[in-house]
Amino acid sequence: MGLVGKVILSHGTEEQKREWLPRIASGEALACFGLTEPDNGSDPGNLKTRAVRSGDDYVINGSKIFITNGTWAKLCLVFARTGGPGPKGVSAFLVPTDTPGFESREIHGKLGLRGQATAELSFTDMRVPASCLLGSEGQGFSIAMHSLDKGRVSVGAGCVGIIQGCLEAAVDYARERTQFDRPLASFQLVQDLIADMSVDADAGRLLTWRAADLIERGEPFGTAASKAKYFCSEAAVRAANNAIQIFGGYGYVDEYPVAKYMRDARVMTLYEGTSQIQKLLIGRAETGISAFL
Ligand SMILES: Cc1cc2nc3c(=O)[nH]c(=O)nc-3n(C[C@H](O)[C@H](O)[C@H](O)COP(=O)(O)OP(=O)(O)OC[C@H]3O[C@@H](n4cnc5c(N)ncnc54)[C@H](O)[C@@H]3O)c2cc1C
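Following the working numbering from start to finish, the sequence shown increments by one per residue and tops out at 299.
Written as structure tokens, this is what we have:
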């Protein structure tokens, strides 16, 4: 919701804002962010979906995959190629999902995020008026990247929540459960796991707050967002793993929440730019040399 709502706020016309923002903000209309394609995930600058100008309209053909809210959304922000190859040929369109030619299909069998719909989308001769263009032609890639930079701070915050949840659940359990006539919490090797979670929670929270603070101040925040997203997502997986270890066999079944924390943490190192992509962004910022080319 944030990925789409915030870009309408920053790049939309007054008419686009009036049409969509109240509905998105009230929850009446869910929105989805259609960037990833079957053959282009980490490399969205080479996406294949095409939008061809036809009179006062654009006609869009192509497909998207792994789109959050894809089957529930009333609005889809579709990234499609209007120009030549590479990132500069990409444009963004605000497409109502009841547009003829728009189809969505839920992807079943996910490891985690089981309460959320993830979908494949296909666009077949989907005709939208030129007023659906968000920003100008060729601006789509920079709109997507700007939106993802901010989204990464939200992912970082979500991961801090998972780490904190793991820590609290593990501490409660370790104090309560006894083995060898002593609470688990009294064993040094269990405290080692808890100490790592506690440090990760603090470090992740501070990295996320720093990135959020830069956004609030209107200062450059992209690299800080990548650091927060990278650290927090990897730390959430570590914390969930440690929590399951402390719960023993009880951590592996659904009786306690830690198995769900692990399932839900795992995607965090993948979406909105994988850990490898965040490292390349951080490496580029540090060295001034891009490893993408
Ligand atoms: C549950 C879920 C929800 C999602 N929601 C959305 C959504 O709402 N909208 C949307 O547009 N997308 C969404 N995605 C897609 C997600 O952003 C992509 O899966 C992600 O960007 C990775 O792309 P990919 O899966 O094609 O993997 P690939 O790009 O094929 O990467 C595979 C592996 O190769 C590595 N790799 C790739 N390039 C490099 C490189 N240059 N150097 C080093 N390593 C590299 C990656 O880090 C990864 O480990 C979602 C995905 C999931 C699983």
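Here a beta-carbon is modelled for each residue, glycine too, at the ideal position from N, C-alpha and C.
Since the model is a prediction, treat every value here as computed from it, not as a measurement.
{"Item": "Residue 301 (DSSP reduced to helix, strand or coil)", "Value": "Residue 301 is absent from the model: the chain starts at 7 and stops at 299."}
{"Item": "Three-state class that DSSP yields for residue 218 in the structure shown", "Value": "helix"}
{"Item": "Any non-hydrogen atom of ligand 2 within 7 Å of residue 286 CB", "Value": "This structure lacks ligand 2; its bound ligands are ligand 1."}
{"Item": "N- and C-terminal bounds of the alpha helix (DSSP H) containing residue 160", "Value": "146–182"}
{"Item": "Three-state secondary structure (DSSP) of residue 258", "Value": "coil"}
{"Item": "Contact test: residue 77 Cβ vs ligand 1 heavy atom, cutoff 7 Å", "Value": "no"}
{"Item": "Distance between beta carbons of residue 166 and residue 211, contact taken as under 8 Å", "Value": "5 Å"}
{"Item": "The stretch 263–275 in contact with the stretch 236–244 per 3-pair CB rule at 8 Å", "Value": "yes"}
{"Item": "First and last residue of the uninterrupted alpha helix (DSSP H) at residue 132", "Value": "Unbroken run through residue 132 is the beta strand (DSSP E), 124–135; no alpha helix (DSSP H)."}
{"Item": "Cβ contact (3+ pairs, closer than 8 Å) linking the stretch 10–29 and the stretch 59–70", "Value": "no"}
{"Item": "Residue 273 CB to nearest heavy atom of ligand 1 below 7 Å", "Value": "yes"}
{"Item": "First and last residue of the uninterrupted beta strand (DSSP E) at residue 68", "Value": "63–74"}
{"Item": "Check: residue 82 C-beta below 7 Å from any heavy atom of ligand 1", "Value": "no"}
{"Item": "Validate contact between the stretch 211–222 and the stretch 153–161 using beta carbons, cut 8 Å, 3 pairs", "Value": "yes"}
{"Item": "Within 5 Å of ligand 1: residues by beta-carbon to any heavy atom", "Value": "39, 41, 42, 47, 48, 72, 73, 74, 124, 273, 277, 280, 282"}
{"Item": "Any 3 or more C-beta pairs closer than 8 Å across the stretch 171–180 and the stretch 196–205", "Value": "yes"}
{"Item": "Per-residue DSSP class, three states only, for residue 34", "Value": "coil"}
{"Item": "Buried/exposed call for residue 4, threshold 16 Cβ in 10 Å", "Value": "The first residue shown for the chain is 7 and the last is 299, placing residue 4 beyond what the model contains."}
{"Item": "Supposed contact pair residue 97 and residue 145 - C-beta distance, whole angstroms, cut 8 Å", "Value": "7 Å"}
{"Item": "Proximity of residue 149 and residue 232 at Cβ, strictly below 8 Å", "Value": "no"}
{"Item": "Proximity winner among 172, 195, 39, relative to residue 262 (alpha-carbon distances)", "Value": "172"}
{"Item": "Residue 97 (DSSP reduced to helix, strand or coil)", "Value": "strand"}
{"Item": "Contact under 8 Å by Cβ, residue 112 with residue 71", "Value": "no"}
{"Item": "Presumed contact (8 Å Cβ cut-off) between residue 37 and residue 79, rounded CB distance", "Value": "5 Å"}
{"Item": "Sheet register partners of residue 197 (DSSP bridge)", "Value": "For residue 197, which the question treats as bridged, DSSP gives no partner whatsoever."}
{"Item": "Residue 12 beta carbon less than 8 Å from that of residue 153", "Value": "yes"}
{"Item": "Residue 82 versus residue 182 - alpha carbon distance", "Value": "48 Å"}
{"Item": "Terminal residues of the alpha helix (DSSP H) in which residue 191 lies", "Value": "It is not in any alpha helix (DSSP H) - residue 191 carries neither H nor E in the DSSP assignment."}
{"Item": "Proximity of residue 86 and residue 107 at Cβ, strictly below 8 Å", "Value": "no"}
{"Item": "Integer Cβ distance of residue 269 from residue 117, believed to fall under 8 Å", "Value": "5 Å"}
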